[in-house]
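A.B. asks: Just so you know, the sequences run in chain order D and L. With positions in the first sequence counted from 1, the corresponding number in my numbering is that position plus 1. With positions in the second sequence counted from 1, the corresponding number in my numbering is that position plus 760.
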Amino acid sequence: MGQNSGVSFDRRAVLRDSLSVSFPVGMYGAAFGAASVTAGFSVAQTCAFSLLLFSGASQFAVVGVMAAGGSAISAIATGGLLGIRNGLYALRMSPILKFSGISKILGAQVTIDESTGVALSQESRGEAAMRYGFISTGIGVFVFWNLFTLIGAVSASSISDPSMWGLDAAVPAAFLGLLWPRLESSRKKFAAIASALLALALTPFLPAGLPIIATVSVALVFGWRSR
Amino acid sequence: MTSLWIATLGASLVCYLLKLAGYLVPSSFLSKPRLVRINELIPVVLLCSLVSIQTLTSEAEILIDHRMGGLVVAFCALKFKAPFPIMMLAAAFTSALIYRLGI
């Protein structure tokens with residue numbers, strides 16, 4: 002990140018975007034910490050999830066499957082299915098981030114919804130701003146998510162109901178805000194609506210996580226022809 | 761090793777390898793216009809399905825509740841170009857209010 006390659010952008014504006022995503026998303030880590038401890042995981046295991054797995058949806062899925070009496074294998078499979086999209090984000094971000102060596106190994110860990118979303122929303126500011134947004138959001142979410150996971154795990158009983166603080170609506174609202182600047186073409190708007198409907202339609206019939214993965218088919222259908 | 765540790769470390773390993781795999785695939789994989797179009801749509805469909813699932817479902821059932829109120833407010837805030845933190849606060853406040861009032 003050191004060299005600027007002559008491209009200047011408003012770092013404070015990018016940092017403001019990444020903070021406004023990473024802090025509220027990180028706070029939801031308290032809900033994960035509480036959920037995980039309530040499901041029977043220790044505080045150490047709960048913190049290990051947020052440090053090593055570091056992908057909210059997958060973490061909730063693994064904890065949920067184990068809490069429901071599922072096997073470790075089915076928990077890993079469910080978490081893994083939800084983790085596929087991070088690999089797809091990596092594929093999308095790779096040509097922009099141009100990671101190599103150790104930065105690739107560390108950068109992979111912070112390749113999540115939020116870092117990718119903020120990076121893509123900086124497109125009008127240029128690739129340097131996209132890289133800056135990705136790294137600052139990745140680190141920001143990592144720090145806040147782990148901090149609040151610990152707080153939530155330790156004080157499991159007091160923050161057991163995220164609905165009281167609107168956190169259960171703040172997280173999808175954050176995703177909506179990340180999605181918003183991506184909806185510039187009618188193709189993307191139609192794909193967004195179709196994927197929302199498909200995910201909802203499949204929810205009663207498929208195990209948790211699969212309806213989200215299944216919407217990749219919408220991307221295939223809408224992206225196939227140049228129109 | 762207990763099954764809880766197996767789930768914790770196993771899922772962590774699988775999810776990390778999935779993230780890394782995306783960087784190890786050659787970037788020429790994405791040079792075809794069709795793949796570029798599909799790849800640009802992938803975050804759109806995944807984020808949008810996450811929004812709908814996290815707003816409208818609860819344990820494999822479709823459920824309209826306080827979260828929907830928060831998302832309607834978030835949608836309006838974005839429509840009127842409100843800054844991101846304002847949008848988030850408005851959504852959380854609305855949802856918590858509806859929840860606490862027990863509507």
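Cβ coordinates follow ideal geometry from the N, Cα and C atoms, glycine included. From a predicted model like this one, the values you see are computed outputs, not experimental measurements.
#1: Within the continuous alpha helix (DSSP H) that includes G153 (chain D), where are the two ends?
#2: Is it buried or exposed for L107 (chain D), if we count other Cβ within 10 angstroms and need 16 for buried?
#3: Alpha carbons only, please: which of D:R12, D:I152, D:T138, D:A195 is nearest the one belonging to Q811 (chain L)?
#4: Which whole-angstrom value describes the C-beta separation of S23 (chain D) and M848 (chain L), a residue pair presumed to lie in contact below a C-beta threshold of 8 Å?
#5: Got a sec, what are the start and stop residues for the alpha helix (DSSP H) R183 (chain D) sits in?
#6: Anyone know if the C-beta pair for M67 (chain D) and A771 (chain L) falls short of 7 Å?
#7: Can you say whether R229 (chain D) is buried or exposed, counting buried as having 16 or more other CB atoms within 10 angstroms of its CB?
#8: Buried or exposed: which applies to G102 (chain D), given that a residue is buried once 16 or more other Cβ atoms fall within 10 Å of its Cβ?
#9: M2 (chain D): buried (16+ other C-beta within 10 angstroms of its C-beta) or exposed?
#10: What is the rounded straight-line gap between the Cα of V805 (chain L) and the Cα of P182 (chain D)?
#11: 7 Å is my cut-off, CB to CB: does N87 (chain D) come that close to chain L?
#12: What are the residues in the region 763 to 787 of chain L lying within 9 Å of chain D by C-beta distance?
#13: Can you say whether T150 (chain D) is buried or exposed, counting buried as having 16 or more other CB atoms within 10 angstroms of its CB?
#14: Starting from W225 (chain D), trace the alpha helix (DSSP H) both ways and give me its first and last residue.
C.D. replies: Let's see:
#1: Here residue 153 (chain D) is taken as the residue at index 152 of the first sequence, counted from 1. Its alpha helix (DSSP H) spans residues 128 to 155.
#2: Indexing the first sequence from 1 puts residue 107 (chain D) at position 106. Under this definition L107 (chain D) is an exposed residue.
#3: For the purposes of this step, residue 811 (chain L) is taken as residue 51 along the second sequence, with counting starting at 1. Note on residue identity: the sequence assigns Val, not Gln, to residue 811 (chain L). Ranking D:R12, D:I152, D:T138, D:A195 by Cα distance to V811 (chain L) puts D:A195 first.
#4: By one-based count along the first sequence, residue 23 (chain D) stands at place 22. By one-based count along the second sequence, residue 848 (chain L) stands at place 88. 12 Å between Cβ atoms; not a contact.
#5: The count along the first sequence starts at 1 and reaches residue 183 (chain D) at position 182. It is not in any alpha helix (DSSP H) - R183 (chain D) carries neither H nor E in the DSSP assignment.
#6: Here residue 67 (chain D) is taken as the residue at index 66 of the first sequence, counted from 1. Here residue 771 (chain L) is taken as the residue at index 11 of the second sequence, counted from 1. Their beta carbons are not under 7 Å apart, which means M67 (chain D) does not touch A771 (chain L) by this criterion.
#7: Nothing can be reported for residue 229 (chain D), as the shown portion of chain D is limited to 2 through 228.
#8: Locating residue 102 (chain D) in the first sequence gives position 101, where the first residue counts as 1. That one is exposed.
#9: Counting from 1 along the first sequence, the entry for residue 2 (chain D) is found at position 1. With a pLDDT of 46 at M2 (chain D), under the threshold of 50, the predicted position of this residue should be treated as unreliable, though the coordinate-derived value follows. Result: exposed.
#10: The residue given as residue 805 (chain L) occupies position 45 in the second sequence. The residue given as residue 182 (chain D) occupies position 181 in the first sequence. Cα to Cα, V805 (chain L) sits roughly 14 Å from P182 (chain D).
#11: Walking along the first sequence from the start, residue 87 (chain D) turns up at place 86. It does: the Cβ of N87 (chain D) has a partner Cβ on chain L nearer than 7 Å.
#12: S763, L764, W765, I766, A767, T768, L769, G770, A771, S772, L773, V774, C775, Y776, L777, L778, K779, L780, A781, G782, Y783, L784, V785, S787
#13: Counted from its first residue, the first sequence places residue 150 (chain D) at position 149. Buried, because 16 or more other Cβ atoms sit within 10 Å of the Cβ of T150 (chain D).
#14: To locate residue 225 (chain D), count along the first sequence from 1; it is residue 224. Residues 217 to 225.
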